[in-house]
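Read the structure below first, then the notes.
Protein chains: 2
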Amino acid sequence: MTMSAPVEVRSPFLTACAGVTPQHTPVWFMRQAGRSLPEYRAIRSGVGMLESCSRPELVVEITLQPVRRYQVDAAILYSDIVLPLAAAGVGVDIAPGVGPVLARPVRTAADVEAIPPLDPDAIPYVPTAVRELVATLGDVPLIGFAGAPFTLASYLVEGGPSKDQAQAKTLMRRDPGLWRELLDRLAQISATFLQVQVAAGARAVQLFDSWAGSLARRDYDAFVAPHSAAVLRAVGQSPSGAAVPRIHFGVGTGELLGSMGDVGADVVGVDWRVPLDEAARRVQPGTPLQGNLDPTVLAAPWPVVAAEVERVLQAGRAAAGHVFNLGHGVPPSADPDVLARIVDHVHAWRPGD
Amino acid sequence: MTMSAPVEVRSPFLTACAGVTPQHTPVWFMRQAGRSLPEYRAIRSGVGMLESCSRPELVVEITLQPVRRYQVDAAILYSDIVLPLAAAGVGVDIAPGVGPVLARPVRTAADVEAIPPLDPDAIPYVPTAVRELVATLGDVPLIGFAGAPFTLASYLVEGGPSKDQAQAKTLMRRDPGLWRELLDRLAQISATFLQVQVAAGARAVQLFDSWAGSLARRDYDAFVAPHSAAVLRAVGQSPSGAAVPRIHFGVGTGELLGSMGDVGADVVGVDWRVPLDEAARRVQPGTPLQGNLDPTVLAAPWPVVAAEVERVLQAGRAAAGHVFNLGHGVPPSADPDVLARIVDHVHAWRPGD
Numbered sequence: 000m001t002m003s004a005p006v007e008v009r010s011p012f013l014t015a016c017a018g019v020t021p022q023h024t025p026v027w028f029m030r031q032a033g034r035s036l037p038e039y040r041a042i043r044s045g046v047g048m049l050e051s052c053s054r055p056e057l058v059v060e061i062t063l064q065p066v067r068r069y070q071v072d073a074a075i076l077y078s079d080i081v082l083p084l085a086a087a088g089v090g091v092d093i094a095p096g097v098g099p100v101l102a103r104p105v106r107t108a109a110d111v112e113a114i115p116p117l118d119p120d121a122i123p124y125v126p127t128a129v130r131e132l133v134a135t136l137g138d139v140p141l142i143g144f145a146g147a148p149f150t151l152a153s154y155l156v157e158g159g160p161s162k163d164q165a166q167a168k169t170l171m172r173r174d175p176g177l178w179r180e181l182l183d184r185l186a187q188i189s190a191t192f193l194q195v196q197v198a199a200g201a202r203a204v205q206l207f208d209s210w211a212g213s214l215a216r217r218d219y220d221a222f223v224a225p226h227s228a229a230v231l232r233a234v235g236q237s238p239s240g241a242a243v244p245r246i247h248f249g250v251g252t253g254e255l256l257g258s259m260g261d262v263g264a265d266v267v268g269v270d271w272r273v274p275l276d277e278a279a280r281r282v283q284p285g286t287p288l289q290g291n292l293d294p295t296v297l298a299a300p301w302p303v304v305a306a307e308v309e310r311v312l313q314a315g316r317a318a319a320g321h322v323f324n325l326g327h328g329v330p331p332s333a334d335p336d337v338l339a340r341i342v343d344h345v346h347a348w349r350p351g352d
Numbered sequence: 000m001t002m003s004a005p006v007e008v009r010s011p012f013l014t015a016c017a018g019v020t021p022q023h024t025p026v027w028f029m030r031q032a033g034r035s036l037p038e039y040r041a042i043r044s045g046v047g048m049l050e051s052c053s054r055p056e057l058v059v060e061i062t063l064q065p066v067r068r069y070q071v072d073a074a075i076l077y078s079d080i081v082l083p084l085a086a087a088g089v090g091v092d093i094a095p096g097v098g099p100v101l102a103r104p105v106r107t108a109a110d111v112e113a114i115p116p117l118d119p120d121a122i123p124y125v126p127t128a129v130r131e132l133v134a135t136l137g138d139v140p141l142i143g144f145a146g147a148p149f150t151l152a153s154y155l156v157e158g159g160p161s162k163d164q165a166q167a168k169t170l171m172r173r174d175p176g177l178w179r180e181l182l183d184r185l186a187q188i189s190a191t192f193l194q195v196q197v198a199a200g201a202r203a204v205q206l207f208d209s210w211a212g213s214l215a216r217r218d219y220d221a222f223v224a225p226h227s228a229a230v231l232r233a234v235g236q237s238p239s240g241a242a243v244p245r246i247h248f249g250v251g252t253g254e255l256l257g258s259m260g261d262v263g264a265d266v267v268g269v270d271w272r273v274p275l276d277e278a279a280r281r282v283q284p285g286t287p288l289q290g291n292l293d294p295t296v297l298a299a300p301w302p303v304v305a306a307e308v309e310r311v312l313q314a315g316r317a318a319a320g321h322v323f324n325l326g327h328g329v330p331p332s333a334d335p336d337v338l339a340r341i342v343d344h345v346h347a348w349r350p351g352d
C-alpha cells in the first residue's frame, strides 16, 4: 500500500478490472475461502459459521488459506452474506447443510420497520481482520464482499433458502412501497458492510446478487436495480481516493447482464451458461468480465478441464478485461489440486496460445 | 376425432401450434392437472403419486378437473415424468415434498446396462386413460408428455432432485460413451411413452427437459440434443397421419432456445425470464412459442396479474403462433380462481387491445 508505482503494475487482478490487459490473466475463485479445503474444515471444527466469521484470527487464516495454496491473484474476505444482517440484530443463523435460516420471516410493515441499520461498530472484527490481511497480503488485493439487497431480501422474506423466491417476489408485487422500504434498509446494511471493508483496506468489492436470476429483466430494473445501484455508489473509492473496482455477480443472470453492469458495476461476473464473448455483447462496451468455468467441470478428467479452461480464456478475449473465475462458487467436493492446476494453467496461458 | 373439418377450425391450440393465428389465443397451464386444485387433493387423499398415475379412472378424472374448471384450450395427461422409468422396472418412487427418489443412483456401466427398455404392455393404463379422455374431451386436444432424456438421466444419476445436476454432468464429461448409452436407453423409454399416448389419441406432445437449463449450450448440443431429437423424431405423426405438434420446454433455458427448437420441436416453450419477442429472435423464424407468465405473479393483486398477462400476450405477437401458458408449472399454492380469470382474460383479448 506504500508503493509509488501504479497498482496496475503490481496486480494483474486490478489491471484487468481497470480494463487493461495485464501480463497474465488473473484468477481467483468464488468461495475459494472455505468449504472444499481440508485445512479449512480442520480449523472450522466445532466452530459455528457466523462465529467463525466474527473471530478475526479465523477470518485471517481462512482468507489466506487459498492464497497460500493456489497463488490466486486476489483474496476474498472470509465472511457470509447474512453476517451483516445478524450483526445489525436480525435473528438469522446458518444451519449446516441448509443455509441461512430466519428466526421469523419478514412479511409485514412492522417486520420491515424492525430491521435495524448496521452500525459499523457492531462489526469491529471485520476491520481488524481486513487490516491484518492487507498487511499480510502485500501486492495481492483483498476483495471485500456483500450480498445485494434482493438476495438478502429473499432470505428474509422466504425465511431461508428457496427455489424460486416466490414469497419475496409476491411481496415485491403486492406492496411495492413496503418492498422499497425493505430494500432501502438492506441497501444501507450492504453498503455499510462494504464501506467498512474498503475503509480498512479492501481494494475491490464484489456484490453478490445470488438469486437475481429468478427475475425477468423488467422486474429487476423496476424493483431491484435502484437499490443495488445505491450500494455500488457508496463504495467506488478508497479513503485515499483510489478506484475500488466493483464486481457484480449473480447465478443464471444471462438476461440481466446489461442491467447488472448499468447499475454501476465496473466488472460484471458471468455464470457458465453464457459464453464470455456473448456476455461481452450484453454489457456496455469496455466492461471487463469475470468468469466463467462451469464448476461441475472440476470433477472431469484433467484434459477436459484444461480444454474448458482454454475455451473460457479464448472467449474472455472478447471482453475489455478478463478476470478468470468459476461461473459459481467452488463446490464443497472440489479437489484442491485441480484448482491449483487451473491457476497454473491460466497464469501460463497467453492470448496467442 | 371423426370431424371432416380441419382440426384447426375446432382447436385454437392446434391452430396456434401450426403457426396460424386462431380466433383467440389458446391457453393451458403446465401442471394444471394436480397440485393446486382442492378436488385434486381430495381425490388423491391416501393414494400414492405413482399409484394415482396408474389407475385410469383417477388419471381421467384428474386430467379433466382443470378443463372443467378453467375451459382451457388443451388437456394434459395426468402422469409423472418418472412413471415410464418405474414402469420399465427402474426402482424409483416419488417422496411427498421431495420428488423422485431412486432406490440406487445410476453411476456405473452395470447400472446403465440394468436399465430395461419400456415395453408398451407395461403401461396398459395409459392408453386406456387416453382413449377415454379423447372420447370425453371432444374438440379439446389432449397433450401427451414425457420427460426428456437429460432430465430423466439427472434424476437417475443424482438419485433424486438436485440443485445443479453436478453428478449427472460429471458422468457426462467423465465417460461420454457411457453417457450416450444411458441417454439412448432413456430416449427409448421417453419415445415409447409418447408413442403410446399418441397411438391412443393424444393430439400433441410436450417433452419436458426440466433441468436442461443447467447446461451451457455447447454442452447441450454435444451431450443432449441428439437424444432429445431421437425422441421427437419418434412422435411427429398420429396413426391417421395427422401432424402431432411437439412442444419442447425447460426452465432457465434462455440460452438454449435455438437448440431446443432445432432438435425437432414444432413449438418452443419459454420460461418467464425471456420475453417472447426476444425468444422469437432466438428460434428459427416461423416457430410458434408457448409461455410465459411468471408463476409467482399469480399471487399478486389482480390488476398486476392482468397487466402481466397482457404484456405476455403483446410480446407473443412477435411469434409465429402463441400458446399462452405460465413460464413454469402451476405452484401448489396457486388460487384456482386467479387461473380461471386468466383464461377468461386471454380468451377475451384481441391483438388490437
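Same order as they appear, the protein sequences are chains A and W. Heads up, the first sequence is in numbering that gives the first Met the number 0, so the first residue is 0 and it goes up one at a time. Heads up, the second sequence is in numbering that gives the first Met the number 0, so the first residue is 0 and it goes up one at a time. The C-beta atom is built at its ideal place from N, Cα and C for all residues, glycine as well. Just so you know, these numbers come straight off a predicted model, no measurement behind them.
Assign W:W373 to buried or exposed, taking buried as 16 or more other Cβ atoms, counted over all protein chains shown, within 10 Å of its Cβ.
Absent from the structure is residue 373 of chain W, since the part of chain W shown begins at 0 and ends at 352.
So the beta strand (DSSP E) A:G176 belongs to, where does it begin and stop?
Taken as a continuous stretch (DSSP letters only), A:G176 belongs to no beta strand (DSSP E), being part of the alpha helix (DSSP H) at P175 to A198.
Taking 8 Å as the threshold (beta carbon to beta carbon), is A:D293 in contact with chain W?
yes
Interface flag, W:M0 vs chain A, CB-CB below 8 Å:
Low per-residue confidence applies at W:M0: pLDDT is 39, beneath 50, and the placement is therefore not dependable enough to give any value.
Listed by chain order, chain W residues near A:P330 by CB distance under 9 Å:
D163 and A165
Should W:R353 go down as buried or exposed, given a rule of 16 or more other Cβ atoms within 10 Å for buried?
This structure cannot settle anything about residue 353 of chain W, because the visible part of chain W is limited to 0 through 352.
CA nearest to the CA of A:A17, picked from A:L312, A:Q313, A:V243 and A:W271:
When A:L312, A:Q313, A:V243 and A:W271 are compared, the shortest CA-CA separation from A:A17 is found for A:V243.
Can you grab the Cα-Cα spacing for the pair W:T20 / A:T252, in whole Å?
33 Å
Where in the segment 222-257 of chain A do unbroken runs of the alpha helix (DSSP H), each at least 4 residues long, occur, reported from the N-terminal end onward?
224-232, all fully within the segment 222-257 of chain A.
Boundaries (first-last residue) of the alpha helix (DSSP H) holding W:L275:
L275 to R281
Does any CB atom of chain A fall closer than 8 Å to the CB of W:V273?
yes
Please classify W:G90: is it buried, with 16 or more other beta-carbons within 10 angstroms of its beta-carbon, or exposed?
With fewer than 16 Cβ atoms within 10 Å of its Cβ, W:G90 is classed as exposed.
Out of curiosity, what's the CA-to-CA distance linking W:P123 and W:A85?
14 Å
Identify the contact partners of A:V303 in chain W, using a Cβ-Cβ distance below 9 Å as the criterion.
R172 and R173
Buried or exposed for W:Q189, going by 16 or more other Cβ atoms inside 10 Å?
A small fix is needed here, since residue 189 of chain W is Ser in this sequence, not Gln. When all chains shown are included, W:S189 counts as buried.
Could you pull out every residue in the same chain whose Cβ sits closer than 8 Å to the Cβ of A:L36, ignoring the five residues on either side in sequence?
Q64, P65, R68 and P335
For W:F222, I'd like the list of residues in its chain whose CB is within less than 6 Å of its CB, leaving aside the five on either flank, ordered along the chain.
M171
Cutoff 7 Å; reference A:A264; Cβ partners in own chain excluding five residues on either side
Within the same chain, A:A264 has close Cβ partners L231, R245, I246 and H247.
Complete runs of the alpha helix (DSSP H) confined to the segment 4-42 of chain A [at least 4 residues]
6-9 and 11-16
Local conformation of A:V388 per DSSP, three classes:
The question about residue 388 of chain A has no answer, for chain A in this structure spans 0 to 352.
As assigned by DSSP and simplified to three states, the class of W:I93
strand
Near W:T127, what residues of its chain come up, given a Cβ to Cβ distance below 7 Å and the 5 sequence neighbours on each side ignored?
P55
Would A:A94 pass as an interface residue toward chain W - the criterion being a Cβ-Cβ separation below 8 Å?
no
Counting only beta-carbon separations shorter than 8 Å, does W:L338 have a partner in chain A?
no
Could you give the DSSP three-state label for A:Q205: helix, strand or coil?
strand
Tell me whether A:T107 is buried or exposed, calling it buried when 16 or more other Cβ atoms sit within 10 Å of its Cβ.
exposed
DSSP three-state assignment for A:L141, whether helix, strand or coil:
strand
Assuming A:V195 and A:P119 are in contact, meaning their beta carbons sit under 8 Å apart, how far apart are those beta carbons, in whole angstroms?
The pair is a contact, with the Cβ atoms about 5 Å apart (cut-off 8 Å).
Interface partners of W:G260 on chain A, CB under 9 Å
Under the 9 Å cutoff, chain A gives no residues; its nearest Cβ is about 18 Å from W:G260.
So for W:Q289, helix, strand or coil by DSSP?
strand
To the nearest angstrom, how far is the alpha carbon of A:D220 from that of W:E277?
17 Å
Straight-line CA distance for W:L214 to W:L338?
32 Å
Check for me: the alpha helix (DSSP H) holding W:L101 runs from which residue to which?
Run containing W:L101: none in the alpha helix (DSSP H); it sits in the beta strand (DSSP E), G98 to L101.
Would you tell me roughly how many angstroms separate the C-alpha atoms of A:L117 and W:V311, rounded to the nearest one?
40 Å
Close beta carbons around A:D175, own chain, < 8 Å, minus the five adjacent residues each side
Here the sequence assigns Pro to residue 175 of chain A, which means Asp is not the residue at that position. Taken in chain order, the residues that qualify are F222.
Can you tell me which of A:G137, A:F28 and A:V59 puts its alpha carbon nearest to the alpha carbon of A:H327?
The option with the nearest alpha carbon to A:H327 is A:F28.
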